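Trainee: First residue of the sequence shown? That's 685 in the numbering used here, and the numbers climb one at a time after it. For glycine and all other residues, C-beta sits at the position ideal for the given N, C-alpha and C. Since this is a predicted model, take the numbers as computed values, not measurements.
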Amino acid sequence: MSRIRLGMVGGGSDAFIGAVHRIASRIDDHYELVAGALSSTPERSKESGAALGLDPARTYGSFDEMAEAEAARDDGIEAVSIVTPNHMHYPAAQAFLSRGIHVICDKPLTATDDHADAMAKAVADSDALFVLTHNYTGYPMIRQARDMVAAGTLGQIRIVQMEYPQDWMMGSPERDGVKQAEWRTDPERSGAGGAIGDIGTHAFNLGGFVTGLTATELAADLHSFGKGRVLDDNAHIMLRFDGGARGMLWCSQVAAGCENGLRLRIYGEKGGLEWGQEDPNYLWFTPQGESTRRITRNGPGASEASTSVSRIPPGHPEGYLEGFANIYTEAAAAIRAVQGGESRDAVMGKLPGIRAGLEGMAFIRACVASSKGNATWTKI
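(1) The alpha helix (DSSP H) with I1011 in it runs from where to where?
(2) Thinking just about the alpha-carbon of each residue, which of H920, L897, G822 and A879 is nearest to the one in G910?
(3) A776 and V718 - do their beta-carbons sit closer together than 7 Å?
(4) What do you reckon, are the CB atoms on A800 and L793 nearer than 7 Å?
(5) Nearest by alpha-carbon distance to V1022: which of Q864, T1060, E752 and I785 is it?
(6) Could you tell me how far apart the beta carbons of R687 and H714 are, in whole angstroms, since I believe they sit closer than 8 Å?
(7) Could you please give the first and the last residue of the uninterrupted alpha helix (DSSP H) stretch that includes W1061?
(8) So what's W852 in DSSP terms, helix, strand or just coil?
(9) Shortest alpha-carbon distance to P871 belongs to which of R913, V938, P971 and T768?
(10) Going by C-alpha to C-alpha distance, which of F700, I1064 and T1062 sits closest to Q864?
(11) Work out the CA separation of D809 and A899 for me, nearest whole Å.
(12) Bridge partners for G960 per DSSP, in chain order?
(13) Do you know whose CA, among W959, L690 and S1027, lies nearest I707's CA?
(14) Report the residue ranges of all beta strand (DSSP E) runs contained in full by the stretch 746–827; include only those spanning at least 3 residues, in chain order.
(15) At the level of alpha carbons, what is the spacing between S874 and L933?
(16) I'd like the list of long-range same chain contacts for G1005, defined as Cβ closer than 8 Å, with 5 residues on each side in sequence excluded.
(17) Would you tell me roughly how many angstroms separate the C-alpha atoms of G1007 and D798, rounded to the nearest one?
(18) By DSSP, does H907 sit in helix, in strand, or in coil?
(19) In the structure shown, what three-state DSSP assignment does N918 receive?
(20) Between W852, N944 and Q972, which has its C-alpha nearest Q961's C-alpha?
(21) Quick one: using the 10 Å Cβ neighbour count with 16 as the cut-off for buried, is I921 buried or exposed?
(22) DSSP three-state label for L717, please.
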């Protein structure tokens, strides 16, 4: 089939996440990047477009200009990737959703609750799809874990432990000119959450995705260890889930020696599962009273849920880029299905969308409120 014509907002030549999205969109060859509003200034956008080999006529100075021009073209973009700082997610998404252009947006959903509500309305009012790139849900062994929980292999879930430690904010990168740190520590651009918004939402989303449980309330202790830093860089959170399960979530960007330590542990009445992002091709399963078993991506014991999103034989690592690619590939299938006449609700499947985004915003809001109340239990 012909490639989906893709545009990008943000993600210029000096932006890490833009390159990740571009690579992910091409791994399975479903997209072609044809247009972009790649930076906050027209000059830098043009420079980035030239570096990427885009047609200068389709490298725009703003997302509004891009949305209007591309919607008017017979060969205009069919989908757009939004990879800006959080505060620009809603205005950019709205410009394209209102014109029927499918949106693939980086997480979290937005920077503010008002923008989150407006985003939900924009999605409801549009015929286009809205996909949120919670990329870790695309990892094969996460799909395996979700499949095993749904099949009752662990029995009723009792405990959900999530952690996501990093160390890249140990010093003061926001004052040392590190662009990625500057906006993440600015409430105007990042929103009310620091580490909880940046990486805590990933851990929170992953726990719900795998278990199928909904967290109903939490008690959070947010703290900033960085000198002069306004937003949290470390958080300890207790959670209560529907059905009686209990959980803990720790996220930190000041944990020395931790690079990208996203980890998930789930314990039920019949056994437990453990998975770590830094060694993502293995899932560890311990049935009650038996030895721990290692399940390998695309190896013996791997379920169809995981092998269907795995590309190469076991022993050849797949990870971050491929997880993103699985989201993009499933989004491509959903876009083509909608173009073929199927309903939006019928095609989303496992894709994270507006609901996952709103749940992430509710998580951030509850964490901030709880911490301000001395870690009091707070409804999500």
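Mentor: Quick look at the numbers:
(1) Segment Y1004 to Q1023, the alpha helix (DSSP H) holding I1011.
(2) Nearest option by C-alpha distance: A879.
(3) Taking a C-beta distance under 7 Å as the contact criterion, V718 and A776 do not qualify as a contact pair.
(4) Closer than 7 Å, so yes.
(5) Ranking Q864, T1060, E752 and I785 by Cα distance to V1022 puts I785 first.
(6) 6 Å between Cβ atoms; contact.
(7) Run containing W1061: none; DSSP gives neither H nor E here.
(8) Coil at W852, not helix or strand.
(9) Nearest of R913, V938, P971 and T768 to P871, Cα basis: R913.
(10) Here the closest residue by C-alpha is F700.
(11) Whole-angstrom Cα-Cα distance: 28 Å.
(12) Beta-bridge pairing links G960 to R947.
(13) Looking from the CA of I707, the closest CA among W959, L690 and S1027 belongs to L690.
(14) Within the stretch 746–827, the complete beta strand (DSSP E) segments of 3 residues or longer fall at 763–767, 786–789 and 814–816, listed in chain order.
(15) For S874 and L933, the distance between alpha carbons rounds to 21 Å.
(16) The sequence given here has Leu at residue 1005, not Gly. Excluding residues within five positions, the ones whose Cβ falls inside 8 Å are V704, I707, A708 and I711.
(17) Cα atoms of G1007 and D798: separation of roughly 30 Å, rounded to the nearest angstrom.
(18) Strand.
(19) In the structure shown, N918 adopts extended strand secondary structure according to DSSP, grouped into three states.
(20) Of the residues W852, N944 and Q972, the one whose Cα lies closest to the Cα of Q961 is N944.
(21) It counts as buried.
(22) Residue state, collapsed to three classes: strand.
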